[in-house]
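Data block below; observations after.
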Amino acid sequence: MLEVEKISKSTWLNESELYKCVHCGFCLQACPTYLATGLETESPRGRIALMKAVNEGRLEISNQVMRHWDLCVQCRACEDVCPSGVPYGNLIESTMDHVRDYRRIGLLPRLAYEIALKYLLPNQKNLSVLVAMMDFYIKSGFQKLVRKTKILRLISRRLENLEMMTPALNGEFFRADGHVYQSGMADAEKIQMLTGCIMPLTQGNQMRAAVRVLNKAGKDVEIPSSQVCCGAINSHVGDVEKAKELARENIEAFSKDNIDGAIVVASAGCGARMKEYGPLLADDPEYSSKAANFSKRVIDINEYLIGTQLQPGESGVRRAVTYQDSCHLANVQKVRDAPRNLLKSIQGVDFCELKQSNICCGAGGTYMITEPEMSKKILANKMKNIIDSGADTITTANPGCFMQLQNGIREAGLDVEVKYVTDLLDETYTKK
Ligand code: SF4
Ligand code: SF4
Numbered sequence: 000m001l002e003v004e005k006i007s008k009s010t011w012l013n014e015s016e017l018y019k020c021v022h023c024g025f026c027l028q029a030c031p032t033y034l035a036t037g038l039e040t041e042s043p044r045g046r047i048a049l050m051k052a053v054n055e056g057r058l059e060i061s062n063q064v065m066r067h068w069d070l071c072v073q074c075r076a077c078e079d080v081c082p083s084g085v086p087y088g089n090l091i092e093s094t095m096d097h098v099r100d101y102r103r104i105g106l107l108p109r110l111a112y113e114i115a116l117k118y119l120l121p122n123q124k125n126l127s128v129l130v131a132m133m134d135f136y137i138k139s140g141f142q143k144l145v146r147k148t149k150i151l152r153l154i155s156r157r158l159e160n161l162e163m164m165t166p167a168l169n170g171e172f173f174r175a176d177g178h179v180y181q182s183g184m185a186d187a188e189k190i191q192m193l194t195g196c197i198m199p200l201t202q203g204n205q206m207r208a209a210v211r212v213l214n215k216a217g218k219d220v221e222i223p224s225s226q227v228c229c230g231a232i233n234s235h236v237g238d239v240e241k242a243k244e245l246a247r248e249n250i251e252a253f254s255k256d257n258i259d260g261a262i263v264v265a266s267a268g269c270g271a272r273m274k275e276y277g278p279l280l281a282d283d284p285e286y287s288s289k290a291a292n293f294s295k296r297v298i299d300i301n302e303y304l305i306g307t308q309l310q311p312g313e314s315g316v317r318r319a320v321t322y323q324d325s326c327h328l329a330n331v332q333k334v335r336d337a338p339r340n341l342l343k344s345i346q347g348v349d350f351c352e353l354k355q356s357n358i359c360c361g362a363g364g365t366y367m368i369t370e371p372e373m374s375k376k377i378l379a380n381k382m383k384n385i386i387d388s389g390a391d392t393i394t395t396a397n398p399g400c401f402m403q404l405q406n407g408i409r410e411a412g413l414d415v416e417v418k419y420v421t422d423l424l425d426e427t428y429t430k431k
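Heads up, the final residue of the sequence shown is numbered 431 in numbering that gives the first Met the number 0, and it's a clean run with no missing numbers.
Written out as structure tokens, the structure reads:
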């Protein structure tokens, strides 16, 4: 009776979701942090047990308790394999939102955190200034000097690790400027595309390749100019209000030109977030139905291309290719076959499956920066599997995974290239 009374006081978790967990443990072998540590507290079942204990008043929220939740990559592999249908993504998101008030962090880190999440990531102009500075740092030769002299190690090992994660910048920025990329085909359907926050600045070439492939599939592609970051990172770290604000802005941006075709997304994490704008804004009287309609239009680029009967170019590519599932494409969007089938349709591709391709690579949005040690532990296993695959090219479907794999490959000194599926499709039309 007492327990019921305590439970009913809870407002931060949906109890009908929380108490679906029957502690069977089927999810353990899908969890990257459990596989890396072997610890129950770093497993989905352990994290849910902590949520229940706090919810029932048996445990106080402390730094130690929060640590186990923070170490969750939010890959949602546990949700995908759970026979009881525990919606773990909702539970961890609500938990991260709830514990924000309990965090005791210094003024400076808190300020840096707030600036990054509220003013940097959601704002392309501010973010592009930062990336332009990064570009100068790399091209001026400073980066080489810093790495050669190991000067950052004298200041802090953490800073040195952070510098090692500076992404390789691929070509000019890809701007969300309202441009319509024409396919040149007479009765082309008009679709829209999300650029996201990080991808257009660090992987402009890859975004242009994706648009060229959509054009080859006979689609005119509009890039709405007032679009913003999808809000995935904000919801992962518990800033649900900001995530909702960004969702509303995107709904407006993509409805401005009265296009009701597909909203194609080349980044799996963004696509997953946008497909869930419906539930995110379900309590918003003005936006609930708009959000549900918006989400129905969102589709991952691999999933979309499979439905277009696209024919890869005749020149093909000669590569031994494997594929790493991006968690938010496989576990949330349930898209697994489309990228593989696209790869297999390319002439010259020798496709091989990657062992444990369903296990996260450790990127997890900002996880690779906030939890570098666990992230690297998870990545180390991925590198072993890449070597065993014998592939010279690894493909994936998300900018975070792309950067994480690039960093792992560089540090391991492997001769393997990281590509998107659309990069390889694009090569089939352009390679001589
Ligand atoms: S989350 Fe699902 S799979 Fe994992 S222990 Fe609970 S019921 Fe079992
Ligand atoms: S979301 Fe991923 S890291 Fe977190 S508990 Fe589930 S499987 Fe483990």
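Note that beta-carbon positions come from the ideal geometry of N, C-alpha and C, so glycine has one too.
Quick check on residue i: does DSSP put it in helix, strand or coil?
i    : result
V417 : strand
E352 : coil
Y322 : strand
K149 : coil
Y18  : coil
M402 : helix
Q123 : helix
L49  : helix
K8   : Model confidence at K8 stands at a pLDDT of 43, short of 50, so the residue's coordinates are unreliable; what they give is reported in the following sentence. Residue state, collapsed to three classes: helix.
V186 : Per the sequence presented here, residue 186 reads as Asp, with Val not at that position. In the structure shown, D186 sits in coil (DSSP, three-state: anything other than H, G, I, E or B).
I91  : helix
V130 : helix
V316 : coil
M367 : helix
V264 : strand
L193 : strand
V85  : coil
Y180 : strand
R103 : coil
Y303 : helix
Count the other CB atoms, across all protein chains shown, that sit within 10 Å of the CB of residue i; report buried if there are 16 or more and exposed otherwise.
i    : result
S225 : exposed
V297 : buried
Q11  : Reading the sequence as shown, one finds Trp at residue 11 and not Gln. Exposed, since its Cβ has fewer than 16 Cβ neighbours within 10 Å.
K215 : buried
M0   : Interpretation of M0 is limited by its pLDDT of 32, a score under 50 that renders its predicted location unreliable; no figure is taken from the coordinates.
G268 : buried
P338 : buried
T421 : buried
F173 : buried
P433 : Look at the range of the chain in this structure, 0 to 431, and you will see that residue 433 is not part of it.
C351 : exposed
I262 : buried
S288 : exposed
V432 : Residue 432 cannot be examined here, being either before or after the span of the chain that is shown, 0 to 431.
Q346 : exposed
N62  : exposed
L116 : buried
V227 : buried
P166 : buried
H97  : buried
H22  : exposed
From which residue to which residue does the beta strand (DSSP E) around residue i run?
i    : result
K243 : It is not in any beta strand (DSSP E) - K243 instead sits in the alpha helix (DSSP H) that spans 239-252.
M198 : Note, M198: premise wrong, no beta strand (DSSP E); alpha helix (DSSP H) at 198-201.
D299 : 297-299
I393 : 392-395
With C-beta atoms as the reference, is residue i less than 8 Å away from residue j?
i    : j    : result
R75  : C326 : yes
E65  : I368 : This sequence places Met at residue 65; Glu is not what is there. No, the Cβ-Cβ distance between M65 and I368 is not below 8 Å.
F401 : T392 : no
G407 : M373 : no
A208 : T321 : no
N169 : Q202 : yes
I463 : C359 : In this structure the chain extends from 0 to 431, so residue 463 is not present and cannot be described.
N330 : D69  : no
G312 : Y428 : yes
G363 : Q123 : no
Q308 : G361 : no
A290 : A246 : yes
Q181 : G260 : no
V179 : E162 : no
Q310 : S356 : no
Could you check whether the Cβ of residue i sits closer than 8 Å to any Cβ belonging to chain B?
i    : result
E171 : Chain labels in this structure do not include chain B; a single protein chain is all it has.
Determine the extent of the alpha helix (DSSP H) in which residue i is found, giving its start and end residues.
i    : result
K218 : Taken as a continuous stretch (DSSP letters only), K218 belongs to no alpha helix (DSSP H), being part of the beta strand (DSSP E) at 218-221.
V64  : 62-69
V80  : 76-80
N330 : Counting along the chain, N330 falls outside any alpha helix (DSSP H), and DSSP gives it neither H nor E.
S234 : 231-235
G277 : 276-279
A35  : 31-36
**Distance cut 6 Å, beta-carbon to ligand 2 heavy atom: residue list by chain order** = The filter returns A29, C30, P31, T32, P43, R46, C71, V72, Q73, C74, R75, A76, C77, Y87, in chain order.
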